[in-house]
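**Q** Numbering (our numbering), first residue to last: 23 to 326.
Got a structure for you, questions after.
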Amino acid sequence: MAVETLSPVPEVAPQSSEPEPQPLPQPRRYPDGVSWATVFWIGVLHLGALAAPFTYSTAGLITMLVLYWLTGGIGICLGYHRLFSHRSFTTYKPIRALIAIIGGLAGEGSAVHWTANHRKHHALSDHEGDPHSPREGFLWSHTLWCLGAMNQEHRQAHHARYAPDVSTEPFLRFLDRTYILWHVALAAGLFAAGYAVGGSALGWSLLVWGMFVRMIVVLHCTWFINSVTHVWGYKNFETTDDSKNLWWVALVTFGEGWHNNHHAVPRRANYGRRWWEFDITYATIWTMGKLGLAWNIAGDRQRT
């Protein structure tokens, strides 16, 4: 199969043209120190998920799967990634706001911060400054990169440089400030709903499976994009980074695993190129378009 030559157009700044970039320097890790709040957050999620075998119920599993699709598929893949980061389509403000709320409940940060990180990744993909390149180590790209602290001055500058559009939206700024409260509300709601229907046993089941198990699944599926699809897979396009396509990552991330296709033309709404490269998230955007809920759906011509 021939590999097409198509260099990606970065969102913010041009990528280096060096054909053989060197491994990134280690001293730049955690310039503002470790975020112990993030370490605690991720640690608690993993520890909480250990209770899954003891709290299993069919209702808990169904709750997990539905919220996995809502927060991961709609919130992160369709919302944070294609709507906010790449502006791959346009929708009504109330829908945009709802998607931002749902995305925040995935446990990956606010829409403003996620967008800034992701656009920086595209601007510097697998070159010095990339927030999560496997060239710094697989574990770094999968999890460790997100454990760094960012002081208020650096955070504001980061948002202003890489996400000047979304960081000035009042509602998105509100969600950035109230990020944890939405998780507390969802956790309380899940436990209360389970308790009302089936007592404390069902309450704990919905809480553990709907919060801890579900967020662990969503987090690691997203992290697969940062780590696995920059190491293994195949290329349809020659890009200046290591992005690759991998079918099983595409399956668990609702089409995001066609990552080389995405890096070739970042704004394109449909990440599938070959007949077998089915993109579930694009199918959702296409359906929204047919219903009049999405427009300006980007194709090959809208590259940046």
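Note that CB positions come from ideal geometry on N, CA and C, so glycine has one too.
Rounded to the nearest angstrom, what separates I302 and S110 at their Cα positions?
**A** As a first step, residue 302 must be located in the sequence shown, where it is residue number 280. As a first step, residue 110 must be located in the sequence shown, where it is residue number 88. Taking the straight line from one Cα to the other gives about 15 Å.
**Q** Determine, using beta carbons only, whether A138 and F193 come nearer to each other than 8 Å.
**A** Residue 138 sits at position 116 when you count from the first residue of the sequence shown. Residue 193 sits at position 171 when you count from the first residue of the sequence shown. No. Outside cutoff.
**Q** One question on the structure: do Y293 and G277 come within less than 8 Å of each other, judged by their Cβ atoms?
**A** Along the sequence shown, read from residue 1 onward, the residue named residue 293 stands at position 271. Along the sequence shown, read from residue 1 onward, the residue named residue 277 stands at position 255. Going by C-beta atoms, Y293 is nearer than 8 Å to G277.
**Q** Apart from the five residues just before and just after W254, which ones in its own chain have a Cβ nearer than 7 Å to its Cβ?
**A** Reading the sequence shown from its first residue, position 232 is the one you call residue 254. Once the five neighbours on either side are set aside, the close Cβ partners of W254 are K266 and L268.
**Q** Is there contact here, the segment 191 to 208 with the segment 129 to 149, by at least three beta-carbon pairs under 8 Å?
**A** Taking 8 Å as the limit for Cβ pairs, the verdict is that the segment 129 to 149 does touch the segment 191 to 208.
**Q** Could you pull the DSSP bridge partners for W317 from this structure?
**A** Translated into the one-based positions of the sequence shown, residue 317 becomes position 295. Paired residue(s): T112.
**Q** Who are the near neighbours of D264 in its chain, counting only those whose CB is closer than 6 Å to its CB and skipping five residues on each side?
**A** Start at 1 with the first residue of the sequence shown, and residue 264 comes out as number 242. Excluding positions up to five away in sequence, the list reads D148 and H252.
**Q** If you draw a straight line from the alpha carbon of A209 to that of Y201, how long is it in whole angstroms?
**A** Translated into the one-based positions of the sequence shown, residue 209 becomes position 187. Translated into the one-based positions of the sequence shown, residue 201 becomes position 179. Rounded to whole angstroms, A209 to Y201 spans 13 Å at the Cα level.
**Q** Answer yes or no: do L241 and L229 have a C-beta to C-beta separation smaller than 8 Å?
**A** As a first step, residue 241 must be located in the sequence shown, where it is residue number 219. As a first step, residue 229 must be located in the sequence shown, where it is residue number 207. Not closer than 8 Å, so no.
**Q** Taking 8 Å as the threshold (C-beta atoms), are Y90 and R236 in contact?
**A** Numbered from 1 along the sequence shown, position 214 holds the residue referred to as residue 236. Numbered from 1 along the sequence shown, position 68 holds the residue referred to as residue 90. Yes, they are a contact pair.
**Q** Report the option in G221, R296, L273 and M172 whose CA atom is closest to the CA atom of F259.
**A** Looking up residue 259 in the sequence shown gives position 237. Per the Cα distances, R296.
**Q** May I ask you to list the residues that DSSP assigns as paired with A267?
**A** As a first step, residue 267 must be located in the sequence shown, where it is residue number 245. Checking the displayed sequence, the identity of residue 267 turns out to be Asn instead of Ala. According to DSSP, which records beta bridges pairwise, N267 is partnered with Y256 and W280.
**Q** From which residue to which residue does the alpha helix (DSSP H) around R157 run?
**A** Here residue 157 corresponds to residue number 135 of the sequence shown, with the count starting at 1. It is not in any alpha helix (DSSP H) - R157 carries neither H nor E in the DSSP assignment.
**Q** Could you pull out every residue in the same chain whose Cβ sits closer than 8 Å to the Cβ of L315, ignoring the five residues on either side in sequence?
**A** Taking the first residue of the sequence shown as position 1, residue 315 is located at position 293. Cβ neighbours of L315 beyond the five flanking positions: T113, Y114 and I117.
**Q** Does the segment 52 to 65 come into contact with the segment 164 to 184, if we say contact requires no fewer than three beta-carbon pairs (one atom in each stretch) closer than 8 Å?
**A** Output reads yes: the segment 164 to 184 touches the segment 52 to 65.
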